[in-house]
Each structure stands twice: as structure tokens, then as C-alpha cells.
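Below is one structure, written out as C-alpha cells, with a few remarks after it.
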Amino acid sequence: MTIRPYQSQDIQQITKLFHDTVHHVNIYDYSQEQLDVWAPEDIDLDSWHHRLSSQCCLIAMIENNIVGFGSIDPLGCLDMLYVHKDFQKQGIASKLCDELESFYSLSSVYTHASITAKAFFLNRGYKVIKKQEVERRGITLINYQMEKCFI
1 MTIRPYQSQD IQQITKLFHD TVHHVNIYDY SQEQLDVWAP EDIDLDSWHH
51 RLSSQCCLIA MIENNIVGFG SIDPLGCLDM LYVHKDFQKQ GIASKLCDEL
101 ESFYSLSSVY THASITAKAF FLNRGYKVIK KQEVERRGIT LINYQMEKCF
151 I
């Protein structure tokens with residue numbers, strides 16, 4: 001596996017990976033209606049490209065295929081972390097997280113973890129700050145604000 005910076009031509013593969021991963025991996029923790037508003041069919045590619053371009057976004061590759069991606073902003077928000085549904089539990093998320101957490105040399109990093117991802121972040125030393133109800137297109141989803149301190 002190799003890790004490289006995001007490039008604009010990645011956007012189609014990344015948004016498909018995001019959609020497919022949410023709809024397959026998170027299905028045990030969220031309803032179909034919640035999955036549909038979290039990862040809709042009509043993803044705005046320009047908005048995603050702008051978001052990822054404004055952050056440190058890293059891409060995990062295996063044999064020229066994107067198998068994961070993650071992003072962090074300069075303030076320490078680990079914004080996105082997704083691994084292809086067929087490449088779960090192979091250390092890809094951990095490797096991406098290692099790189100992202102150290103990118104800006106911050107004293108702490110925080111994220112808004114899904115119910116599904118909560119255990120992953122707890123195992124990495126993150127603490128739950130609070131449980132949150134987030135609204136997307138009129139539907140409520142649960143996630144957790146979590147933080148990891150490095151000092």
C-alpha cells in the first residue's frame with residue numbers, strides 16, 4: 001500500500017468509495033433512510049473537491065486502485081476517513097490516521113465519529129467529548145465528537 005496526496009482526478013473514485021462504504025459498512029448502525037442522507041446518490045463533486053483541496057487529504061492506493069482516503073484541516077479536525085468496503089480491517093485506516101494525525105504537528109486532533117467508527121477511534125486513544133445528533137436533509141443521525149491529545 002502507498003499513501004499519496006489527493007489529486008483532482010481522484011474525485012469520482014473517492015465519492016464512489018465514500019457512498020459504497022457508508023452504504024455497506026455502516027448498515028448495522030444506521031437505517032437506510034439515514035444512510036441515504038449521509039451518502040446520497042447526488043454527491044456534489046465540486047463541493048467535495050473544494051473541501052478536500054482545502055485540507056490535507058491523503059489517498060491510500062493498492063495496485064493503482066484507491067482503497068481509502070482521509071483528510072484533516074489545519075485546526076486539527078480529522079474531517080474524513082473512509083476505507084473501501086472490500087478492504088476493511090487491513091490497517092488502511094490506521095496508516096492514514098497515523099499520517100494525518102502527525103501532518104500539522106498539533107497538540108490535539110478531533111473528529112466527529114460515526115457509531116460504526118467510534119470503537120476504531122477509542123482504540124487509537126481518542127476520548128468521547130460528547131454524543132451528538134446531526135441533521136442531514138431533515139433526518140437525524142448520531143455521531144460522537146472525539147478528541148486525541150498528544151501531550
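Heads up: the sequence shown is residues 1 to 151, going by UniProt numbering.
The beta carbon of each residue, even a glycine, is placed where N, CA and C say it ideally should be.
The structure presented is a predicted model; accordingly, all values stated were derived computationally and were not measured.
Taking Cβ positions, are residue i and residue j nearer each other than 8 Å?
{"i": "Gln13", "j": "Ile66", "result": "yes"}
{"i": "residue 152", "j": "Leu58", "result": "A query on residue 152 cannot be resolved here, the shown segment of the chain reaching from 1 to 151 and no further."}
To the nearest angstrom, how far is the alpha carbon of residue i from that of residue j?
{"i": "Asp73", "j": "Cys56", "result": "6 Å"}
{"i": "residue 156", "j": "Ala117", "result": "Not covered by the structure: residue 156. The range shown for the chain is 1 to 151."}
{"i": "Thr140", "j": "Val22", "result": "16 Å"}
{"i": "Glu41", "j": "Val134", "result": "19 Å"}
{"i": "Lys85", "j": "Phe150", "result": "30 Å"}
{"i": "Ser102", "j": "Leu17", "result": "24 Å"}
{"i": "Ile92", "j": "Gly76", "result": "20 Å"}
Counting C-beta neighbours from all protein chains within 10 Å, is the total for residue i 16 or more, i.e. buried, or is it exposed?
{"i": "Tyr30", "result": "buried"}
{"i": "Tyr126", "result": "buried"}
Name, in chain order, the residues that DSSP records as bridge partners for residue i.
{"i": "Arg136", "result": "Ile139"}
If contact is defined by three or more beta carbon pairs under 8 Å, each pair taking one atom from either stretch, is the region 1-16 in contact with the region 101-120? no
Pair every Cβ in the region 96-112 with every Cβ in the region 139-150, then say whether three or more of these pairs are closer than 8 Å. yes
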